[in-house]
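The structure under discussion appears below in the form of structure tokens.
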Amino acid sequence: MGLKDTLRTKIQKRAEETSAFLKEHGEKILSEVTVNQAYRGMRGVKCMVWEGSLLDPYEGIRFRGYTIPEVREMLPKAPGGEEPLPEGIFYLLVTGDLPTEENVKEIQEEFKKRMEVPGYVFDTLRAMPKDSHPMTLFSLGILSLQNESKFAKAYREGIPKTQYWEYTYEDAMDLLARLPIIAAFVYRYLYKDDQQIDPDPSLDWAANFAHMLGYDQPEVYELMRLYLVLHSDHEGGNVSAHTGHLVGSALSSPYLAISSAMNGLAGPLHGLANQEVLRWILELKASFGDKMPTKEDLEKYAWDTLNAGKVIPGFGHAVLRKTDPRYTAFREFALKYLPDDEIFQIVSMLYEVIPPVLMKHGKAKNPWPNVDAHSGVLLYHYGIREFDYYTVFFGVSRSIGILSQLIWDRGLGLPIERPKSVTLEWLKENIK
Ligand code: HAX
0 MGLKDTLRTK
10 IQKRAEETSA
20 FLKEHGEKIL
30 SEVTVNQAYR
40 GMRGVKCMVW
50 EGSLLDPYEG
60 IRFRGYTIPE
70 VREMLPKAPG
80 GEEPLPEGIF
90 YLLVTGDLPT
100 EENVKEIQEE
110 FKKRMEVPGY
120 VFDTLRAMPK
130 DSHPMTLFSL
140 GILSLQNESK
150 FAKAYREGIP
160 KTQYWEYTYE
170 DAMDLLARLP
180 IIAAFVYRYL
190 YKDDQQIDPD
200 PSLDWAANFA
210 HMLGYDQPEV
220 YELMRLYLVL
230 HSDHEGGNVS
240 AHTGHLVGSA
250 LSSPYLAISS
260 AMNGLAGPLH
270 GLANQEVLRW
280 ILELKASFGD
290 KMPTKEDLEK
300 YAWDTLNAGK
310 VIPGFGHAVL
320 RKTDPRYTAF
330 REFALKYLPD
340 DEIFQIVSML
350 YEVIPPVLMK
360 HGKAKNPWPN
370 VDAHSGVLLY
380 HYGIREFDYY
390 TVFFGVSRSI
400 GILSQLIWDR
410 GLGLPIERPK
420 SVTLEWLKEN
430 IK
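For the sequence shown, numbering that gives the first Met the number 0 begins at 0 and goes up steadily by one.
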């Protein structure tokens, strides 16, 4: 059965299961909210549903029940490759089942049919100044594609609610096929004199992305596959996922939802942290000249950063309370392919030095590294040194998870989101 038919069956079954569950348990309490939580980023408030993944503070993310090591082992690989294909994580996130080679092949074929990006998108981006941030261009490119939305068109024509997910699926597939093309365009426009590289339809999604960026080494293909799998989903409450879900809940098209999600991802406390990490490490390295810094040097540098009132990028997390398993997966990749890289050695030393510093500092609830502490060094090693661009990789990947959920939001007929807000006066009056 093809992916869309598989989804049709699954959505129908899950919608019945959900409605039976709601009938029995709908009025039970899932979470209570303290005043602190209302003021402090709603941490820990359970108030939304996200089918694709669940985050345990100590174990890390599970994609449809599978851990990162399991996903790395069990998802189909490219011929001769060892890292999982992102087409496979999309299949897993959207269906809940591990894909076969044929399932992945079908997605690849679908993407190939949907890759064309209209010229006006590139014209729009070319109108932007070259010192624009790549995330601004990426988000704008996606936004400009809104005109292509099959969902928006069908909605205007008055399709019934039961068909919303089908057109959302079509947009999701079109958009996933096109994201690497827009992303690669942004890279070549900003950093390579607008010398664009045509896609190579014989390559898988991730390898083709690397190819269009101008990096054709097999190791970069492998890194890109791993990178695009690892960043794909991290529950629904993080800023990018929640934004995509929230905007989508107004029945805005997937193009509008993903463009908005990218704007959230572009914040320095979220996806932009990966560029901040590399910037911080390179500044640190430069401050020691030719000499390789020692652990004591790193400790002092970390304290200088903290004492200047800044955060140490790449460490800490709103939910995780141990080393991010995505960090560990990247570390394994580095140990295999670039153990002698100087920046990797600094990243390794920071792994030992920073957690005790943050514990002594006494503020961060989680002193351990997150994914952003490791991703940049790998890209840098292979010559992708424009670190302002790193969040775009994250964005291409994160779209997989957000779009998967958007199909489900529409399949389950979830309504527009509208939590209740209050004022301090209201709180003073009502909270005694
Ligand atoms: N360095 C210094 N201080 C830190 C810190 C760090 N790495 N992490 C947390 N803190 C501080 C917070 O700024 C906060 O200080 P105030 O009380 O003065 O406001 C205090 O410790 C408590 O914060 P927390 O509850 O532990 O963390 P939050 O849930 O508020 O924030 C963040 C989580 C990830 C934003 C935070 O740890 C941080 O700023 N880390 C550095 C930036 C970063 O790596 N971001 C990427 C996170 C992963 C991600 O989303 N990627 O996209």
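Just so you know, even glycine gets a beta-carbon here, dropped at the ideal spot from N, CA and C.
Cross-strand partners of residue i (DSSP beta bridge)
i: D289; result: DSSP lists no partner for D289.
i: D499; result: Because residue 499 is not part of the residues shown, which for the chain are 0 to 431, the question remains open.
i: F314; result: P368
i: K76; result: P83
i: Y65; result: F62
Residue nearest to residue i in terms of C-alpha spacing, selected from the options
i: Y188; options: Y226, V421, D122; result: D122
i: E31; options: K45, E58, G25; result: K45
i: L255; options: K152, G308, Q145, V376; result: Q145
i: G247; options: A77, Y57, I401; result: I401
i: R330; options: W302, P128, L229; result: L229
i: L91; options: Y154, G157, R125, T5; result: T5
i: L84; options: A19, L202, G157, F20; result: L202
i: Y154; options: D170, L139, M47; result: D170
i: W367; options: G361, S374, G375, P354; result: P354
i: L21; options: N429, L423, L413; result: L413
i: S420; options: A37, R409, H24, Q162; result: A37
i: F110; options: I60, G157, Y168; result: Y168
i: R39; options: A317, Q404, W279; result: A317
i: K129; options: V185, A272, V116, G25; result: V185
i: I10; options: M41, E50, E23; result: E50
i: I141; options: P217, A307, L174, L212; result: L174
i: G308; options: A260, A265, K362, L334; result: K362
Beta-carbon proximity list for residue i, same chain, < 8 Å, skipping 5 on both sides
i: T99; result: P75
i: Y65; result: M73, L91, L97
i: S131; result: L189
i: G1; result: E105
Between the CA atoms of residue j and residue i - distance to the nearest angstrom
i: V352; j: Y379; result: 22 Å
i: L54; j: L319; result: 8 Å
i: T293; j: I345; result: 9 Å
i: G43; j: N365; result: 15 Å
i: T33; j: E416; result: 20 Å
i: W302; j: K149; result: 52 Å
i: V103; j: M358; result: 44 Å
i: D340; j: E16; result: 51 Å
i: I399; j: Y350; result: 29 Å
i: E385; j: L411; result: 41 Å
i: F314; j: K290; result: 25 Å
i: W164; j: I406; result: 5 Å
i: S143; j: F332; result: 36 Å
i: I430; j: Q162; result: 44 Å
i: G394; j: I28; result: 34 Å
Own chain partners of residue i with C-beta closer than 6 Å, once the 5 adjacent residues on each side are dropped
i: L222; result: L377
i: A206; result: Y220
i: R63; result: L91, G95
Own chain partners of residue i with C-beta closer than 7 Å, once the 5 adjacent residues on each side are dropped
i: G263; result: V238, S239, T242, H269
i: M114; result: A176, R177, I180, P198
i: D387; result: H132, P133, Q274
i: V356; result: E298, A301, W302
i: V249; result: Note that residue 249 corresponds to Ala in the displayed sequence, not to Val. Result list for A249: I415, in chain order.
CB contact check: residue i to chain D, cutoff 7 Å
i: P200; result: Protein chains in the displayed structure number just one, and chain D is not present.
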